[in-house]
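The numbering of the sequence shown is UniProt numbering, which starts it at 1 and goes up by one.
Cβ coordinates follow ideal geometry from the N, Cα and C atoms, glycine included.
Some notes on the structure that comes next.
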Amino acid sequence: MSTLRQLLSWGSGTLANAEVPDSGQDAWMLMEEVFGIEKSYYFLHGDDKIDPNTQKRYEDMIRERAKRIPVQYLTGKAWFMGYEFLVNSSVLIPRFDTEVLVEEAKKHIMPGCRLLDVCTGSGCILLSLLAECKDRIAMAMGVDISKDALQVAIANGNRMELPAQFRESDLFTHVTGTYDVIVSNPPYIATGELADLMPEVRDHEPVLALDGMEDGLYFYRKIVSQADGYLAQGGWLCFEIGYDQGAALKEMMTEAGYGQVQIIKDLAGLDRVAVGQKK
Numbered sequence: 001m002s003t004l005r006q007l008l009s010w011g012s013g014t015l016a017n018a019e020v021p022d023s024g025q026d027a028w029m030l031m032e033e034v035f036g037i038e039k040s041y042y043f044l045h046g047d048d049k050i051d052p053n054t055q056k057r058y059e060d061m062i063r064e065r066a067k068r069i070p071v072q073y074l075t076g077k078a079w080f081m082g083y084e085f086l087v088n089s090s091v092l093i094p095r096f097d098t099e100v101l102v103e104e105a106k107k108h109i110m111p112g113c114r115l116l117d118v119c120t121g122s123g124c125i126l127l128s129l130l131a132e133c134k135d136r137i138a139m140a141m142g143v144d145i146s147k148d149a150l151q152v153a154i155a156n157g158n159r160m161e162l163p164a165q166f167r168e169s170d171l172f173t174h175v176t177g178t179y180d181v182i183v184s185n186p187p188y189i190a191t192g193e194l195a196d197l198m199p200e201v202r203d204h205e206p207v208l209a210l211d212g213m214e215d216g217l218y219f220y221r222k223i224v225s226q227a228d229g230y231l232a233q234g235g236w237l238c239f240e241i242g243y244d245q246g247a248a249l250k251e252m253m254t255e256a257g258y259g260q261v262q263i264i265k266d267l268a269g270l271d272r273v274a275v276g277q278k279k
């Protein structure tokens with residue numbers, strides 16, 4: 001029978017040997033999940049003996065993480081914009097970088113706004129905007145081609161008690177009406193670059209949500225060309241983009257007739273969001 005301190009040391013070492021980034025942090029996150037404790041408890045009771053069954057659960061999760069399965073898929077939860085979202089391998093894990101898209105989109109949400117999220121995945125973008133701007137949003141719709149992803153989004157909407165609607169749609173195929181703000185974090189990794197991604201992403205996150213086809217811009221072209229029919233006059237189209245796609249998106253949106261096209265950088269100084277207004 002081990003103590004919490006011994007078990008955490010074993011977990012951290014096991015993950016480090018498997019070359020898992022942030023091995024100590026991940027070992028602790030899994031300990032929090034399995035034992036339901038906070039660090040204050042650990043510091044006071046680190047030398048206490050622990051239940052063998054709970055120890056086994058922790059060891060099993062560490063071994064899964066050592067296979068490079070993301071922590072968020074093991075716990076079934078991820079944090080985004082200060083909200084906890086349910087996740088599984090049907091959806092991308094929400095990233096901190098994507099919060100830039102939410103913060104930028106918030107600037108364009110006016111009272112009575114009709115909001116559409118294309119490629120909604122877990123629903124984290126749409127639901128965060130709805131939670132932050134509830135009084136200004138008249139209607140919020142998320143669409144995705146993946147039925148499994150939509151089940152996650154619906155579960156998150158119900159859990160957060162937010163009046164979001166979700167619909168199965170290949171981009172705009174089943175979208176009706178017009179919207180004041182359209183947001184999207186579409187697949188934007190070039191097919192040839194998928195093999196170079198970290199194992200956590202390459203081997204475990206859904207390829208459907210990652211593969212942006214040959215040059216990574218395939219879905220941007222489709223959305224930019226089709227969104228005009230679904231944006232209200234003066235409406236805004238807001239994308240998350242790859243760090244090297246800013247110039248291409250600015251040119252694409254400008255040529256499509258959008259005004260006030262801007263590329264917004266993330267905290268690391270990399271291009272992260274593209275926005276433009278329907279004239």
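Where do the ends of the alpha helix (DSSP H) carrying residue i lie?
| i | result |
| --- | --- |
| residue 69 | Where residue 69 is concerned, there is no enclosing alpha helix (DSSP H), given that its DSSP letter is neither H nor E. |
| residue 219 | 218-227 |
| residue 200 | 199-202 |
| residue 148 | 147-160 |
| residue 259 | Segment 258-265 is the beta strand (DSSP E) holding residue 259; no alpha helix (DSSP H) there. |
Taking DSSP's pairing of strands, which residues face residue i in a bridge?
| i | result |
| --- | --- |
| residue 252 | Residue 252 pairs with nothing; no bridge assigned. |
| residue 136 | Note: residue 136 sits in no beta bridge, so no partner. |
| residue 189 | 211 |
| residue 115 | 140, 181 |
| residue 165 | 141 |
For the beta strand (DSSP E) that residue i lies in, which residues bound it at each end?
| i | result |
| --- | --- |
| residue 276 | 271-278 |
| residue 184 | 179-184 |
| residue 11 | Here residue 11 belongs to no beta strand (DSSP E); instead the alpha helix (DSSP H) covers 4-17. |
| residue 240 | 231-240 |
What whole-angstrom Cβ distance do residue i and residue j have, given they're in contact under 8 Å?
| i | j | result |
| --- | --- | --- |
| residue 216 | residue 189 | 6 Å |
| residue 143 | residue 264 | No, residue 143 and residue 264 are not in contact; Cβ-Cβ is about 24 Å, not under 8 Å. |
| residue 31 | residue 11 | 7 Å |
| residue 137 | residue 113 | 5 Å |
| residue 122 | residue 102 | With 8 Å as the limit, residue 122 and residue 102 do not qualify as a contact, their Cβ atoms being about 13 Å apart. |
| residue 87 | residue 26 | Not confirmed; about 16 Å, so no contact. |
| residue 285 | residue 98 | The structure shown does not extend to residue 285, since the chain is modelled only from 1 through 279, so no value can be given for it. |
| residue 37 | residue 1 | That belief does not hold up - the Cβ atoms of residue 37 and residue 1 are roughly 17 Å apart, past 8 Å. |
| residue 116 | residue 175 | 7 Å |
Subject >> Sequence ranges, beta strand (DSSP E) only - wholly within the stretch 26-110, length at least 3 >> reply: Whole beta strand (DSSP E) segments, 3+ residues: 77-80, 83-86.
Original post:
Does the stretch 215-232 come close enough to the stretch 168-183 that 3 or more CB-CB pairs lie under 8 Å?
Top reply: With a cut-off of 8 Å, the stretch 215-232 and the stretch 168-183 count as touching, because enough Cβ pairs lie within range.
**OP:** Inspect the CB distances between the stretch 198-215 and the stretch 165-174 and report whether three or more fall short of 8 Å.
**Re:** In short, these stretches do not touch, since the Cβ pair count stays below three.
Original post:
Is the number of C-beta pairs between the stretch 12-20 and the stretch 60-69 that are closer than 8 Å three or more?
Top reply: As far as the Cβ criterion goes, the stretch 12-20 touches the stretch 60-69, which means the pair count is three or higher.
Original post:
Given 8 Å as the limit, is there contact between the stretch 265-279 and the stretch 232-246, that is, 3 or more CB pairs closer than that?
Top reply: Yes, they touch.
Original post:
So, do the stretch 78-91 and the stretch 122-136 have three or more beta carbon pairs nearer to each other than 8 Å?
Top reply: Yes, they touch.
Original post:
So does the stretch 190-200 actually touch the stretch 137-153, counting three or more Cβ pairs closer than 8 Å?
Top reply: Contact fails: fewer than three Cβ-Cβ distances are below 8 Å.
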